[in-house]
Amino acid sequence: MNVLEINHLAVELPVEGALRRVLHDVTLSIGPGEAVGLVGESGAGKSMASRAVIRLLPAGAVVHGDIRYSGDSVLAMDRAALRHFRTHDVAMVFQDPRAHINPVRTIGDFLLEALLERGERRDDARAAVIALLAAVGVSEPERRLRQFPHELSGGLLQRVMIAAALAVSPTLLLADEPTTALDVTTQSDVMVILDARRRERGLAMLFVTHDLELAAAVCDRIAVLYAGFLVEDAPAGDLHRNLRHPYTAGLLASRPDPVAPRPRLAAIPGRPLSAFEVGAGCAFAPRCAFAVERCHLERPELRALDAGRVACHRAEELAGQLALSPTPGGGE
Amino acid sequence: MATLEAPLVATPAPRPRRRPDWVVLSTGTVIALLVLMAVFAPLLAPDNPDYANILATNQGPSAAHLLGTDSFGRDLLSRLIYGVRLSLLGPALIILIATLVGTVLAILSAWYGGWFDRVVSRVADILFAFPGLIFAMLAVAMFGPGLVAPVVALSISYTPYLMRVIRAEALRQRNLPYVAACYVGGLSVRTICTRHILRNVMPLLVVQAALSFGYALVDLAAVSYLGLGVQPPTPEWGVMVSTGQSAILAGHPQESLLAGLMIVITVVAFNLLGDRLASRQKGTVRA
Amino acid sequence: MWKVIGERAVSLVVTLLVASVGIYGALFLAPGNPATLLAGGHATPAVLAAIERTEHLNEPFFTRYWDWLVGVLHGNLGQSFVYREPVTTLLAGRVGNTVFLVLYAATLIIAGGVVLGLLAALDRRAGAAITVLTSVGLGIPSFVAAIALITVFSVKLGWFPVFGSGTDLLSQLWHLTLPAVALAISWTAYTAQLTKAAVREELGREHVETARSRGISRRHVILRHVLRNAMIPITTVSGLTVAGLIAGDVVVEQAFGINGLGSFLVQSTLQKDFASVQAVSLILVATFVIVNGLVDLWSLVLDPRLRAGRA
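Chains as they are written, first to last, in this note's numbering: chain A, 1 to 332; chain B, 333 to 619; chain C, 620 to 930.
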């Protein structure tokens, strides 16, 4: 059974008294031990999707569709079940550890809190936490427990957050841009530790990022989100070889290639839409070089293609045509 | 790395609909009415506020006296209307002086910094040690009761507060690139300070003045209530709360309560207006 | 941390010294002859001679100030020539009432303000009502509250006494309830508004999201994270409340005829008893400064970031 199943998830948030759709249609599953990268621009809804999984949406949010953890509906959980789910089964690593760890409580308080909350003995919890700190590369773990967040660097603090997530021995790890807020120099260290500990424990992971390359490097599958729609879902290794969705192709083309620099970096024309701005047709159609009339009128369903799934009317036709450049040779 | 933070073309934010702001409208109306009452008191008051009538003391509301009479048989409505004058004039003077002095000191401190700034801040710190009312009472002990000593004392005691708030904003302004541009552009310090910095701290100034007005009114009315400020029989709300107090035990609380009500209405109006202006300002700064 | 505390202690002592120079100097800044001022309305030649003899008014200012300061530090607050008694004696019987009243009011303010503010921040519907209530409450000066309370609870309902301060603890509690409420109303409203804003702000913080994501119970999230952190801004701005309590105490004691420091200050001012005015002003100002220092210290306890000497 899959660890996580998301079916036609849609989320609306109250903005100035009216509900505004921030997520349209996301269908996604994660198997045991599998890592899925959820990739998208800011405003695409990727953080909302990951927060919806543990019901961490702002007050007043309306959620449609279905989210299942090991077969149990997360949306239907009562308060006790939700607490059990959060304290035992799932853990989240947030983007900015400086903001996401209470600045006036000690590191020890932070690490132990979740364990004490579910009734573990303090001594056991303390020993477990110290071992974990060492495992994520934090030196002098016992001293760290007495320190406050402002006494630690960002990279160290993110390791503490990872240790806190691992401490509850979850089955599913949610990581929301875990390295974005860190110094460039510590980003890769932290990523390596997160990846290694996850693999060694066989945790399933939903890895939210705007960095397609990074996602491809640490995940088994990549799911691409555009303006609240899941537009493509493919094995990570497939991504470069077999381009299926014009948006993904555009993303890959707009990155600088350190090996073979191109004279001009390609950019996807137009600006990214926010989820609530989407019209009747394909959300990407206004910026798509391959859009035909049908794309503007009819919304493409997410359907199986090769080893993955794609939401594009012309996916089959375009197979092989999509180069690593958003503007095809002939132009349109 | 294939970052997806593609260049964003900013969409112009939809213009917020201009809805009438009921808080500003209603509190503004109350304040405007009070000012009109103060100016046109002789026209509005049905009676002479000082005309005592021993035969008609502590009366309830009647056609002749809409709000009844006080313990000297004076018409309460007329006294309340005339009372607006001194009750508002005092705090207005305090806020005017404190804002003026505070702004000048704040902008000079922010501009010159250094020892001047340090001395001003230090003096402000020490003045903070005196709660306004205590300072006012000390002044009365020195110079005798009346409106002048408390008004001067409270002006001094409100200055550091306003000075601090404005100094922070002036300092922020001073470090904005436009000021450097003005300086490089050859504008004189005086021009920059008055035309630009002063102008940009003006909105904050108005808000702080409105917010402080309520406190100043309460402090000054308290001084008068204690018998150290405006002296009876001059009509002033603080004085009226005090002179009416002895009648409460006899079951005639109207003078004290009505004067108290006027104070509460005025203070609440100024507070709400100040709060609303402040939060609107924050909104525009953040947007 | 000790460095931070040391710095603040020094600045506290400097403030106290300068303030005391100001209060003592007021005698010489006031128009008229200091001796006449000290004598109040009773400037008979005999009194003036006594003042000349005991107060050494002809000596240089700082010599006089030094003598006065040393006296004050030894508990000698000077001589009241109006009451013909040492000020310390006059104050001795009055301090208790004032301390009781102010602490009573402070308890009401902290308990009421924090509870109301928390409720307003957590419950949307209660929040609207509390916001209206506190906006009005904030505009009710203590002396207006005092006469309204006397009218309703003492005169109409007869539940509480009109005047006086009671003898034993229970009657003191009974006598000082209305005064404490009168003193507390506007500052409770102020504290409630502060708490509401601070709690709202803290509720939106990312670390609270983290706590919720970890399945920490709502009660613990509110107590250990939201309220705990909200205490910092609430504490930082409570200096204004302390000043308000001290000033308000003077007014409320007068309104309820409580025999305390505040009403004594008013009487002394009215009777032009300058020595007593100086003494009480000094006590009130020093209390304010020291309490503020303690509040400062308390925020060091609350916020580890401040201990590191950061802003």
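Don't be surprised by glycine CBs; every beta carbon is placed ideally from N, CA and C.
Item, Value
"DSSP state of PHE460 of chain B mapped onto helix, strand, coil", "helix"
"C-alpha distance - VAL104 of chain A paired with MET161 of chain A, whole-angstrom precision", "16 Å"
"Neighbour list for ALA554 of chain B in chain C, Cβ cutoff strictly below 7 Å", "PRO760, PHE762 and VAL870"
"Coil, strand or helix - ASN385 of chain B by DSSP", "coil"
"Under the three-state DSSP convention, the category GLU5 of chain A falls into", "strand"
"Beta carbon proximity, ILE30 of chain A to chain C, threshold 8 Å", "no"
"TRP778 of chain C burial status per 10 Å Cβ neighbour count (16 or more: buried)", "exposed"
"Residues that DSSP places opposite ALA18 of chain A in a beta bridge", "A:VAL15"
"Below-8 Å beta-carbon distance, ASN848 of chain C vs any chain A residue", "yes"
"Beta-carbon spacing of ALA236 of chain A, ALA216 of chain A below 8 Å", "yes"
"Boundaries (first-last residue) of the beta strand (DSSP E) holding LEU676 of chain C", "Per DSSP, LEU676 of chain C belongs to no beta strand (DSSP E) and is neither H nor E."
"Delimiting residues of the beta strand (DSSP E) encompassing TYR490 of chain B", "No beta strand (DSSP E) contains TYR490 of chain B, which is instead part of the alpha helix (DSSP H) from 480 to 506."
"PRO235 of chain A - DSSP class collapsed to helix/strand/coil", "strand"
"Beta-bridge partners of ILE30 of chain A, as assigned by DSSP", "A:LEU4"
"Bounding residues of the alpha helix (DSSP H) (the contiguous stretch that carries GLY308 of chain A)", "Not the alpha helix (DSSP H): GLY308 of chain A falls in the beta strand (DSSP E), residues 308 to 310."
"Beta carbon proximity, VAL856 of chain C to chain B, threshold 8 Å", "no"
"Reference VAL208 of chain A; option with closest CA among A:ILE101, A:ASP176 and A:GLY60", "A:ASP176"
"Every unbroken alpha helix (DSSP H) within the segment 511 to 558 of chain B, with a cutoff of 4 residues, ordered by chain", "531 to 557"
"Which listed residue (A:GLU293, A:ARG294 and A:CYS288) has its alpha carbon closest to that of PRO269 of chain A", "A:CYS288"
"Same chain, Cβ closer than 8 Å to THR343 of chain B, neighbours up to 5 away in sequence not counted", "At THR343 of chain B the pLDDT is 42, less than 50, meaning the model places this residue with poor confidence; the figure from the coordinates comes in the next sentence. Excluding residues within five positions, none has a Cβ falling inside 8 Å."
"Collapsed DSSP secondary structure at SER630 of chain C in the structure displayed", "helix"
"Cβ-based contacts, 7 Å cut-off: residues of the segment 557 to 570 of chain B near chain C", "TYR557, LEU558, GLY559 and LEU560"
"Alpha-carbon to alpha-carbon, GLY154 of chain A and ASP551 of chain B", "49 Å"
"Where the alpha helix (DSSP H) through MET191 of chain A begins and ends", "184 to 201"
"Inside the segment 391 to 453 of chain B only - beta strand (DSSP E) runs reaching at least 3 residues", "none"
"Residue range of the alpha helix (DSSP H) that includes HIS64 of chain A", "Not the alpha helix (DSSP H): HIS64 of chain A falls in the beta strand (DSSP E), residues 62 to 69."
"ILE427 of chain B versus B:THR523, B:LEU589 and B:MET495, residue with shortest Cα-Cα distance", "B:MET495"
"GLY392 of chain B burial status per 10 Å Cβ neighbour count (16 or more: buried)", "exposed"
"Whole runs of the alpha helix (DSSP H) within the segment 806 to 841 of chain C, excluding any shorter than 4 residues", "825 to 832"
"Contacts of VAL885 of chain C in chain B (Cβ-Cβ under 8 Å)", "MET469, LEU558, GLY559 and LEU560"
"Alpha helix (DSSP H) segment containing ARG143 of chain A, residue limits", "141 to 146"
"C-alpha gap between CYS83 of chain A and SER836 of chain C, whole angstroms", "Sequence inspection shows Arg at residue 83 of chain A; the Cys mentioned does not correspond to that position. If you take the alpha carbons of ARG83 of chain A and SER836 of chain C, they lie about 8 Å apart."
"Own chain partners of ALA438 of chain B with C-beta closer than 7 Å, once the 5 adjacent residues on each side are dropped", "MET495, ILE498, ARG499 and ALA502"
"Residue environment, GLN563 of chain B, which counts as buried when at least 16 other CB atoms sit within 10 Å", "exposed"
"8 Å Cβ cutoff, ILE524 of chain B in contact with chain D", "The chain labelled as chain D is not found among the protein chains of the depicted structure, namely A, B and C."
"Buried versus exposed call for ILE386 of chain B [16 or more other C-beta atoms within 10 Å across all chains shown]", "exposed"
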